[in-house]
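*Asks:*
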Amino acid sequence: MKSDKKGDKIFGSFKVDVLKKMVQVHEDFEKYKDSVPSFRIIVGTYEGILYGIDVILFLKDDMKINIFFNPVWMFESNKGCIHAIAIGGRYLVCGGVDEVIKLYDLRKKKDIGSLYHQSGTITGLVFSSFISPKFLISVSDDDTMVFFRTKDWLPLSTTKTQHGRVNSISIHPSGKIALTVGSDKNIRLWNMMTGKKAGKYNLNKNEPLHIQWNTLGTQYAVLLNKEVMVYDMSATLIHCFSSLTQFNSMHYAISKKNHEILVLGSQNGCLQIYDSSNGKLIVSFVAHENSRIKAITSYTYQPTNVSFLILITASSNGSIKLWVEYQESSFYQIGEYNCGERRITCMITDSSIENLEKKTENAD
């Protein structure tokens, strides 16, 4: 590990007057601005800028949700486009075209270093687990997959995947296996206990761009330009979704009635939501006009005994929108944050950060 700014405190806070210029602020913002956020949205951009935006949610008496945005940091993380970001425990990592993985400690709000171990664009970053990960796995278009130990960030192994260019990696919810896809048009299965390849499946299709396990670990989706193929654990194709325009993003989530859904974002700004069990289209609507949906994530808001699924979509024009499922199969926009002219490339959400910060404050 190498860092030019190791230990620097780089997370700056926005002032309220700056915030009011960036987003439309509710008249009660002053009342709620110091409240504990429900979750944090973290986005990477084409320009190498990393954003951290706290989202504060309140349930009104009429069961409608009020939303407030509080941008907590914005800084240049990488030189050039950020392709991948991940959170594991207290750590935030991001990587991109500059071939560097940046490391940040979310508890201390510090830059803790950089990893220079691959000679190509960083295309995927995943931790071995979300709560207390022991390993970070990085894949790159130089055909390598590297295991880093989070205790000291030493590279434990570097493996040639035989993909040519690795486009995406996804770890099973159990943390025991992972899947990768790349330019060789194959899906490769990896044993996370040994770091070795455990199998290969040829798609006989166009080059796969993204792969993702579902929340239950019973199926996985593969995004290939204008198609999304869904396979079960035996590598049997169970669903195929197609579009006239290119798919750019996908995300699994649990809906209001505890049904799993697969959300697909396309080049024309359209959002398609499918039932992951039977493959039926639930709803389709334009989420971002004249813009590409580059990333999708979700958050389950449960202020009382009632829970709400909130979908978060990010587009290439810098817009982040939040959609709530008030009724089954019906999504309504409840808020929008704009990153200006920054072109968003990736996004994640984190609902544990405030608990981490509280523990740190108590320890101090």
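Under full-length UniProt numbering, the first residue of the sequence shown is numbered 1, with each subsequent residue one higher. We put the beta carbon where it would ideally sit given N, CA and C, even for glycine.
Give the DSSP bridge partners of SER242, in chain order.
*Replies:* Looking up residue 242 in the sequence shown gives position 242. SER242 is bridged to GLU227.
*Asks:* Select from LYS176, SER234, LYS226, LEU223 the residue whose C-alpha is nearest the C-alpha of LYS200.
*Replies:* Locating residue 200 in the sequence shown gives position 200, where the first residue counts as 1. Selected option, being the one with the closest Cα: SER234.
*Asks:* For MET347, which residues does DSSP report across the bridge?
*Replies:* Position 347 of the sequence shown holds residue 347. Answer is VAL43.
*Asks:* Helix, strand or coil for LEU189, going by three-state DSSP, please let me know.
*Replies:* Position 189 of the sequence shown, counting from 1, holds the residue named residue 189. Here LEU189 sits in strand by DSSP.
*Asks:* For GLY182, which residues in the same chain have their Cβ closer than 7 Å to its Cβ, ignoring the five residues on either side in sequence?
*Replies:* As a first step, residue 182 must be located in the sequence shown, where it is residue number 182. Around GLY182: THR161, HIS163, GLY164, ARG165, VAL166, ASN167.
*Asks:* Short check: CB of GLY88 to CB of SER129, under 8 Å?
*Replies:* Residue mapping note: residue 88 aligns to position 88 of the sequence shown, counting from 1. Residue mapping note: residue 129 aligns to position 129 of the sequence shown, counting from 1. Closer than 8 Å, so yes.
*Asks:* CA-CA distance, ILE296 and ASN258?
*Replies:* Translated into positions along the sequence shown, residue 296 becomes position 296. Translated into positions along the sequence shown, residue 258 becomes position 258. Whole-angstrom Cα-Cα distance: 19 Å.
*Asks:* Note down, in chain order, each residue of its chain lying with its Cβ closer than 7 Å to the Cβ of ASP105, except the 5 sequence neighbours on either side.
*Replies:* The sequence position of residue 105 within the sequence shown is 105, counting from 1. Once the five neighbours on either side are set aside, the close Cβ partners of ASP105 are ARG90, TYR91, ILE112.
*Asks:* Taking the Cβ atom as the reference point for each residue, do GLU260 and SER249 lie within a distance shorter than 8 Å?
*Replies:* Position 260 of the sequence shown holds residue 260. Position 249 of the sequence shown holds residue 249. For GLU260 and SER249, no; Cβs fall outside 8 Å.
*Asks:* Could you tell me how far apart the beta carbons of ILE310 and TYR301 are, in whole angstroms, since I believe they sit closer than 8 Å?
*Replies:* Here residue 310 refers to the residue found at position 310 of the sequence shown. Here residue 301 refers to the residue found at position 301 of the sequence shown. Contact holds; Cβ gap of about 6 Å.
*Asks:* Using the beta-carbon count (16 or more within 10 Å), is GLU325 buried or exposed?
*Replies:* The residue labelled residue 325 in the question sits at position 325 within the sequence shown. Buried is the call here.
*Asks:* Could you spell out the range, first to last residue, of the beta strand (DSSP E) harbouring CYS339?
*Replies:* Within the sequence shown, residue 339 is the residue found at index 339, counting from 1. Careful: CYS339 lies outside any beta strand (DSSP E) and carries neither H nor E.
*Asks:* Which residues does DSSP pair with residue 367 in a beta bridge?
*Replies:* Residue numbering for the chain in the displayed model covers 1 to 364; residue 367 lies beyond these limits and cannot be assessed.
*Asks:* To the nearest whole angstrom, what separates the beta carbons of VAL139 and TYR116, a pair I think is in contact under 8 Å?
*Replies:* By one-based count along the sequence shown, residue 139 stands at place 139. By one-based count along the sequence shown, residue 116 stands at place 116. Going by Cβ atoms, the distance from VAL139 to TYR116 rounds to 16 Å, so no, they are not a contact pair.
*Asks:* With H, G and I counted as helix, E and B as strand and the rest as coil, what does DSSP make of HIS288?
*Replies:* Here residue 288 refers to the residue found at position 288 of the sequence shown. Correct three-state label for HIS288: coil.
*Asks:* Does ALA84 come out as helix, strand or coil in the three-state DSSP assignment?
*Replies:* By 1-based counting over the sequence shown, the position of residue 84 is 84. Three-state result, ALA84: strand.
*Asks:* Could you tell me the alpha carbon to alpha carbon distance between ILE254 and TYR332, rounded to whole angstroms?
*Replies:* As a working mapping, residue 254 is identified with position 254 in the sequence shown. As a working mapping, residue 332 is identified with position 332 in the sequence shown. Whole-angstrom Cα-Cα distance: 17 Å.
*Asks:* Check for me: the beta strand (DSSP E) holding ALA198 runs from which residue to which?
*Replies:* Position 198 of the sequence shown, counted from the first residue, corresponds to residue 198. Run containing ALA198: 196-202, per the beta strand (DSSP E) assignment.
*Asks:* Just to check my reading of the structure: ARG343 and TYR51 have Cβ atoms closer than 8 Å, yes? What is that Cβ distance to the nearest angstrom?
*Replies:* Taking the first residue of the sequence shown as position 1, residue 343 is located at position 343. Taking the first residue of the sequence shown as position 1, residue 51 is located at position 51. Actually they are not in contact, since the Cβ atoms of ARG343 and TYR51 sit about 12 Å apart, beyond 8 Å.
*Asks:* Given that a residue counts as buried once 16 or more other Cβ atoms are within 10 Å of its Cβ, and exposed if not, what is LYS321?
*Replies:* The residue given as residue 321 occupies position 321 in the sequence shown. Label assigned to LYS321: buried.
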